[in-house]
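A short worksheet on the structure shown next.
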Amino acid sequence: MKSGMLSPAATKPVQTRDPSTETYRGQSVPSATRPTRLIVIFAHRRLEPPPAVSAIRPRLRFALPIVLAPVCALVACAPEATEPEPPDLLVLVVVDQLRADLLEAHADLLDGGLGRMLRRGARFTPTRAGHAVTNSSPGHATLATGSYPSAHGIVDNGLWLRTGDGWRYGPGVLDTTASLVGDPEAPAFSSAQRLVPAIGDWARAADPSAISVSIGQGAHSANAMAAHQGGHSYWFSADHGGYVTSDRYVAALPDWVRTFNDDALRTMMAEGTWRSTVPPGVQDRAVSDDNAWEARGGRAVFPHDFADETPEADRSDPAALPAWFETTPGIDRSALGLARSAVGALQLGTRGPVDVLTINLSSLDEAGHRFGPWSQEQLDALLRLDDELGAFMDFLDRSVGPDAWAMAVSADHGVATPPMQRVADGDSTAVLVSPDSVAAAYERIAAALPADGTVEDRFAIARDHLEAQPWVARVYSVVELGGDGAQGPTNGAPVATSDDPYLEAYRRSFHSDRRVDFPVYDRTRRTAPMDLGIGAVRMTENAMMDYATAIHGSPYDHDVLVPFLLLGPGVLAGARGPAVTVDVAPTLAGLASLPVPPTVDGRDLLGS
Numbered sequence: 360m361k362s363g364m365l366s367p368a369a370t371k372p373v374q375t376r377d378p379s380t381e382t383y384r385g386q387s388v389p390s391a392t393r394p395t396r397l398i399v400i401f402a403h404r405r406l407e408p409p410p411a412v413s414a415i416r417p418r419l420r421f422a423l424p425i426v427l428a429p430v431c432a433l434v435a436c437a438p439e440a441t442e443p444e445p446p447d448l449l450v451l452v453v454v455d456q457l458r459a460d461l462l463e464a465h466a467d468l469l470d471g472g473l474g475r476m477l478r479r480g481a482r483f484t485p486t487r488a489g490h491a492v493t494n495s496s497p498g499h500a501t502l503a504t505g506s507y508p509s510a511h512g513i514v515d516n517g518l519w520l521r522t523g524d525g526w527r528y529g530p531g532v533l534d535t536t537a538s539l540v541g542d543p544e545a546p547a548f549s550s551a552q553r554l555v556p557a558i559g560d561w562a563r564a565a566d567p568s569a570i571s572v573s574i575g576q577g578a579h580s581a582n583a584m585a586a587h588q589g590g591h592s593y594w595f596s597a598d599h600g601g602y603v604t605s606d607r608y609v610a611a612l613p614d615w616v617r618t619f620n621d622d623a624l625r626t627m628m629a630e631g632t633w634r635s636t637v638p639p640g641v642q643d644r645a646v647s648d649d650n651a652w653e654a655r656g657g658r659a660v661f662p663h664d665f666a667d668e669t670p671e672a673d674r675s676d677p678a679a680l681p682a683w684f685e686t687t688p689g690i691d692r693s694a695l696g697l698a699r700s701a702v703g704a705l706q707l708g709t710r711g712p713v714d715v716l717t718i719n720l721s722s723l724d725e726a727g728h729r730f731g732p733w734s735q736e737q738l739d740a741l742l743r744l745d746d747e748l749g750a751f752m753d754f755l756d757r758s759v760g761p762d763a764w765a766m767a768v769s770a771d772h773g774v775a776t777p778p779m780q781r782v783a784d785g786d787s788t789a790v791l792v793s794p795d796s797v798a799a800a801y802e803r804i805a806a807a808l809p810a811d812g813t814v815e816d817r818f819a820i821a822r823d824h825l826e827a828q829p830w831v832a833r834v835y836s837v838v839e840l841g842g843d844g845a846q847g848p849t850n851g852a853p854v855a856t857s858d859d860p861y862l863e864a865y866r867r868s869f870h871s872d873r874r875v876d877f878p879v880y881d882r883t884r885r886t887a888p889m890d891l892g893i894g895a896v897r898m899t900e901n902a903m904m905d906y907a908t909a910i911h912g913s914p915y916d917h918d919v920l921v922p923f924l925l926l927g928p929g930v931l932a933g934a935r936g937p938a939v940t941v942d943v944a945p946t947l948a949g950l951a952s953l954p955v956p957p958t959v960d961g962r963d964l965l966g967s
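Laid out in C-alpha cells, this is it:
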C-alpha cells in the first residue's frame, strides 16, 4: 500500500480484552475506525538506510560500564554517578502558533515527539514571549538569539527600515545584497538584517568547523533563526516548487536539497488531499467542522482537496499545488524530511563539534489562521505534528545516537480565539475590526494634519483619533518607547514606571531604526508610523483585526503564552518554573556548554 501523511489511514488491529475496540490517544474506539498513523512512520524508515556504525561517534560513557564491570565484580565497588557527556547536536524546533493551553488541553493524546518531551523532558511553565508584537519573524529571531526584538532588530515580519534620510518598507529578512540561488531576478532573503548572532553563530564561535542549518516554510522563519556565518538556510517557496536558498549561504543548491525536492517532496505534494485523522472519540475536543466563520468563505470541512479548493483555471499553474500544499500538515512532514537529509548529508552531530539545527514547523499557523486554534483542522495538524516529530526523534536516535542530541521545542507566538467563535459561545465583548474602519480613521487623521506641524503635533492628532476608537486601548509615541535615534531599553536597562503593564513589552519590540506598523496601520500608505510619531498601537484585548479567521500580534496571554519543552542528556523530567522565550537558546546552548554572548537578554535556566 502506498502510504502518505495526507492519504487515508489504514487500520492496524491491536490485541485487547475486547477485540472489537482498542485504546487510541486516550480513547476507546472501534478498531475499524482507528487511523493507523504508524504505517506512515514505518514507510519513512524503510526509505532511510540504517546509519553505518562508524557514523555514530564513539562515546566514552558507553564503554566505561563494560571496562569497569570485571573490576567491580572483584572488589564489589558501586558505580558512581557520572555527568552525561554534552550533546553533539542541538535542535531548536519552533512550532508556529502553538498556544500553551492548546498543548495542555491535548497532552493526553500526544504519544509521539511532543508526548516524548512531555513525559521525559523538562517543561518550563508558564513561558511567555516578553515582547509585545508577537508575530513570526520577531518570535523566531528571539528564540534563536536569546535577545529581544529591540536588540536583534527583527521587530516585525514587515518593517520600516531607516535608510539614510528615508525609510524603506519590506520583509525583515529581505537581503538586497544577495540573490536567490537559481533565480537571480527573485527577491533574496537571509539573516543579514538581524543585528545579533544566533545559537548557530555561538556554536561556530566555539568551533569554526561547527555547522548550522535552518529550515522553515517561509523565508521569514528560516532566516530569522539562521546563523550569520558558515551556515545553511532553506525555506519552502511555492513559486519555485520546493526548498530554496540565497547565495548568502551557498553558491549553488546542494545535491541533497535538489534530490529531496525532486523525489520525496514531489511525492508528498502529489497526494493532493488532506483527510482528518482525529479519532471519532476525541473529535469533541475541537469545535464542529462546519462553522461559518472558518476558511473565509472557502471549504471549511474535511476532506481538503487540491482539486476542490483550487479553481479549475488555476490548477495548471505550476505554483498552485505547492501553494495549496504549504497550507496543509504536509509542510511539516517536508521540513522534517529535509532536516533528515541535512543530518545525513552534512553528518550533523557526528563529526566532533557541536552542530545546530533549527526547524520551523508551520502547519499549526496555517490551520490556525484559516480555521482557528480550536478547529478540527488545528487538532489534526497537532496530532500529525506529534507523530512526525516522534519519527524524527527516532531517526536522530539511530543516526546521531540516543544521548548525542538535545532538543528544545517552543513557539513564536499563540493566536486569538476567533471573535465569531467567542460570540457564538456567548461572549458579547468580542470585536472584529474591519480594515475599512481602520482606513476611515486614517482618512480622518490625514485630513486633520497641519501642513507644517511638528512630529509631536501630528502624534497628538493621530493618538486622539485612534484612541477614540473603541477597539484601541493605547497609542504609544516613539519617545515613550525609547526615543528617536536611540534603541529601546534592553539588557536590564531601567524602565520608567508606568501604570501601563504592557509598556515594557512594547519597548522590547521597539528599535528606533526599525519601525512596526502592526496591527493598526494605514494600508493606503498615505501615512507611515514614523511620519506620525507613532511607536506602536495596542488594541483592546477583546478586539481582533479582520485579516484572517484568527490572528496574533498582541501582548495578551493568548498570544504570549507558549510552551517550552527541553529534552537531552542530563535533563531531568518534570515541570520547572517560569521562563521567557529569550531563555530558550541560552538554556539549550548550556546543555552543550556553548559560551553564550554576555549581551543576551535571556539566561540558562539550568545553569548555576
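The numbering used here numbers the first residue of the sequence shown as 360 and each following residue consecutively. C-beta atoms are modelled at their ideal positions from N, C-alpha and C, and glycine is treated no differently. The structure displayed is predicted, hence computed values, not measured ones.
Item checked: Backbone CA spacing between Y602 and A698 [nearest angstrom] -> As a working mapping, residue 602 is identified with position 243 in the sequence shown. As a working mapping, residue 698 is identified with position 339 in the sequence shown. Answer to the nearest angstrom: the Cα atoms are 12 Å apart.
Checklist line | Beta-carbon spacing of P688, A740 below 8 Å | finding: Reading the sequence shown from its first residue, position 329 is the one you call residue 688. Reading the sequence shown from its first residue, position 381 is the one you call residue 740. Yes, these two residues count as a Cβ contact at 8 Å.
Checklist line | Sheet register partners of M903 (DSSP bridge) | finding: One-based indexing of the sequence shown puts residue 903 at position 544. DSSP lists L791 as the bridge partner or partners of M903.
Note to self: Going by beta-carbon coordinates alone, are V646 and L742 separated by less than 8 Å?
What the structure shows: In the sequence shown, the residue the question calls residue 646 occupies position 287. In the sequence shown, the residue the question calls residue 742 occupies position 383. With respect to L742, V646 sits apart: the two C-beta atoms are not nearer than 8 Å.
Next item on the list: Pull up the distance between the alpha-carbon of V921 and that of P809, whole angstroms please.
Entry: Mapped onto the sequence shown, residue 921 falls at position 562. Mapped onto the sequence shown, residue 809 falls at position 450. Rounded to whole angstroms, the gap between the alpha carbons of V921 and P809 is 44 Å.
Check: How is the beta strand (DSSP E) around N719 delimited, first residue to last?
Finding: Reading the sequence shown from its first residue, position 360 is the one you call residue 719. Segment 714 to 720, the beta strand (DSSP E) holding N719.
Margin query: So S700 and R607 are supposed to be a Cβ contact under 8 Å. How far apart are they, rounded?
Written below: Taking the first residue of the sequence shown as 1, we reach residue 700 at position 341. Taking the first residue of the sequence shown as 1, we reach residue 607 at position 248. In this structure S700 does not touch R607 by the C-beta definition: roughly 21 Å separates them, more than the 8 Å allowed.
Next item on the list: Would you list the one or two residues that DSSP bridges to P530?
Entry: Taking the first residue of the sequence shown as position 1, residue 530 is located at position 171. Answer is G517.
Next item on the list: Inspect the beta-carbon positions of G912 and V939 and report whether they are closer than 8 Å.
Entry: Indexing the sequence shown from 1 puts residue 912 at position 553. Indexing the sequence shown from 1 puts residue 939 at position 580. Judged by beta-carbon spacing, V939 lies beyond the 8 Å limit of G912, meaning their Cβ atoms are not closer than that value.
Check: Anyone know if the C-beta pair for G472 and D745 falls short of 8 Å?
Finding: Position 113 of the sequence shown, counted from the first residue, corresponds to residue 472. Position 386 of the sequence shown, counted from the first residue, corresponds to residue 745. Contact check for G472 against D745 passes: the beta carbons are separated by less than 8 Å.
Margin query: Please give the ranges of any beta strand (DSSP E) in the segment 550 to 616, keeping only runs that are unbroken, at least 3 residues long and fully inside the region.
Written below: Runs of the beta strand (DSSP E) lying entirely within the segment 550 to 616, each at least 3 residues long, are 571 to 575, 590 to 596, 601 to 603 in chain order.
Notebook entry, point to check: Anyone know if the C-beta pair for I570 and D714 falls short of 8 Å?
Noted result: Taking the sequence shown and counting its residues from 1, one reaches residue 570 at position 211. Taking the sequence shown and counting its residues from 1, one reaches residue 714 at position 355. Yes.
Check: From which residue to which residue does the beta strand (DSSP E) around R781 run?
Finding: Counted from its first residue, the sequence shown places residue 781 at position 422. In the DSSP annotation of this structure, R781 is not part of any beta strand (DSSP E); the continuous alpha helix (DSSP H) holding it starts and ends at 778 to 783.
Item checked: Residues of its chain near F684, where Cβ-Cβ distance is below 6 Å and the 5 sequence neighbours each way are ignored -> By one-based count along the sequence shown, residue 684 stands at place 325. Counting only residues of its own chain and dropping the five nearest sequence neighbours on each side, F684 has a CB closer than 6 Å to the CB of M628.
Item checked: Touch test, the segment 791 to 805 against the segment 881 to 900, Cβ-Cβ under 8 Å, three pairs minimum -> At 8 Å Cβ cutoff, the stretches touch.
Item checked: Contact check, N719 vs I910, beta carbons under 8 Å -> If you number the sequence shown from 1, residue 719 lands on position 360. If you number the sequence shown from 1, residue 910 lands on position 551. Not in contact: N719 and I910 (Cβ atoms no closer than 8 Å).
Next item on the list: Report yes if the CB atom of V492 is closer than 8 Å to the CB atom of D515, and no otherwise.
Entry: On the sequence shown, residue 492 is found 133 positions in, with the first residue counted as 1. On the sequence shown, residue 515 is found 156 positions in, with the first residue counted as 1. For V492 and D515, yes; Cβs fall inside 8 Å.
Item checked: Option nearest A767 by Cα separation, candidates P445, M476, D622 -> Here residue 767 corresponds to residue number 408 of the sequence shown, with the count starting at 1. When each option's Cα is compared against that of A767, the closest is M476.
Next item on the list: Would you mind giving the Cβ-Cβ distance between T626 and D664, rounded to the nearest angstrom? I have them listed as a contact below 8 Å.
Entry: Counted from its first residue, the sequence shown places residue 626 at position 267. Counted from its first residue, the sequence shown places residue 664 at position 305. In this structure, T626 and D664 do not form a Cβ contact; the two beta carbons are roughly 17 Å apart against a cut-off of 8 Å.
Notebook entry, point to check: Does the Cβ-Cβ distance between A564 and V919 come in under 8 Å?
Noted result: Translated into positions along the sequence shown, residue 564 becomes position 205. Translated into positions along the sequence shown, residue 919 becomes position 560. Taking 8 Å as the Cβ cut-off, A564 and V919 do not qualify as a contacting pair.
Next item on the list: Go through its chain and collect everything with a Cβ distance to A578's Cβ below 6 Å, but skip five positions before and after it.
Entry: As a first step, residue 578 is located in the sequence shown; it is residue number 219 there, counting from the start. The beta carbon of A578 sits closer than 6 Å to those of V532, F548, W594, all from its chain and outside the five residues before and after it, given in chain order.
Check: With 16 as the cutoff for other CB atoms within 10 Å, does D649 come out buried or exposed?
Finding: Taking the sequence shown and counting its residues from 1, the one referred to as residue 649 is at position 290. Answer is exposed; the Cβ neighbour count stays below 16.
Next item on the list: Run the CB neighbour count on S787, radius 10 Å, all protein chains shown included, and call it buried at 16 or more, exposed below.
Entry: In the sequence shown, the residue the question calls residue 787 occupies position 428. Residue burial annotation: S787 is exposed, with fewer than 16 other C-beta atoms found within 10 angstroms of its C-beta.
Next item on the list: Using the Cα positions of A666 and A694, report the straight-line distance between them to the nearest angstrom.
Entry: The count along the sequence shown starts at 1 and reaches residue 666 at position 307. The count along the sequence shown starts at 1 and reaches residue 694 at position 335. Rounded to the nearest angstrom, the two C-alpha atoms are 24 Å apart.
Next item on the list: Inspect the beta-carbon positions of V941 and V959 and report whether they are closer than 8 Å.
Entry: Within the sequence shown, numbered from 1, the residue matching residue 941 stands at position 582. Within the sequence shown, numbered from 1, the residue matching residue 959 stands at position 600. For V941 and V959, yes; Cβs fall inside 8 Å.
Check: How long is the line joining the alpha carbons of M584 and G966, rounded to whole angstroms?
Finding: On the sequence shown, position 225 is the one that residue 584 refers to. On the sequence shown, position 607 is the one that residue 966 refers to. The alpha-carbon atoms of M584 and G966 are separated by roughly 23 Å.
Check: What three-state label does DSSP hand V941 in the structure shown?
Finding: The count along the sequence shown starts at 1 and reaches residue 941 at position 582. Reduced to three states, the DSSP call for V941 is helix.
Next item on the list: Leaving aside the five residues before and after T686 along the sequence, list all residues of the same chain whose C-beta is less than 6 Å from its C-beta, in chain order.
Entry: If you number the sequence shown from 1, residue 686 lands on position 327. Cβ neighbours of T686 beyond the five flanking positions: E725.
Item checked: When R458, R478, L457 are compared against D467, the one with the closest alpha-carbon -> Taking the first residue of the sequence shown as 1, we reach residue 467 at position 108. The shortest CA-to-CA distance from D467 to any of R458, R478, L457 is the one to R478.
Next item on the list: Compute the Euclidean distance between the alpha carbons of D622 and A659, then round it to the nearest angstrom.
Entry: On the sequence shown, position 263 is the one that residue 622 refers to. On the sequence shown, position 300 is the one that residue 659 refers to. Approximately 31 Å, taken between the alpha carbons.
Checklist line | Own chain residues within Cβ distance below 6 Å of N582, not counting five before or after | finding: Along the sequence shown, read from residue 1 onward, the residue named residue 582 stands at position 223. For N582, where only same-chain residues beyond five positions count, the Cβ hits under 6 Å are V532, F548, S549, S550, S592.
Margin query: So, at 8 Å on beta carbons, what are the nonlocal neighbours of V790 in its own chain, with the 5 sequence-adjacent residues on each side left out?
Written below: Here the question's residue 790 lines up with position 431 in the sequence shown. Contacts found: P778, P829, W830, T899, N901, A902, M903.
Next item on the list: Would you kindly work out how many angstroms separate the C-alpha atoms of V834 and D460, rounded to a whole number?
Entry: Taking the first residue of the sequence shown as 1, we reach residue 834 at position 475. Taking the first residue of the sequence shown as 1, we reach residue 460 at position 101. Distance between the alpha carbons of V834 and D460 is about 29 Å.
Check: Using 8 Å as the threshold, is the segment 449 to 456 in touch with the segment 498 to 507, meaning 3 or more CB pairs across them?
Finding: Yes: at least three Cβ pairs fall under 8 Å.
Item checked: As assigned by DSSP and simplified to three states, the class of W683 -> What you label residue 683 is simply residue 324 of the sequence shown in a count that begins at 1. Correct three-state label for W683: helix.
Next item on the list: Taking the CB atoms as reference points, tell me whether S568 and P712 lie closer together than 8 Å.
Entry: Looking up residue 568 in the sequence shown gives position 209. Looking up residue 712 in the sequence shown gives position 353. Cβ atoms of S568 and P712: closer than 8 Å.
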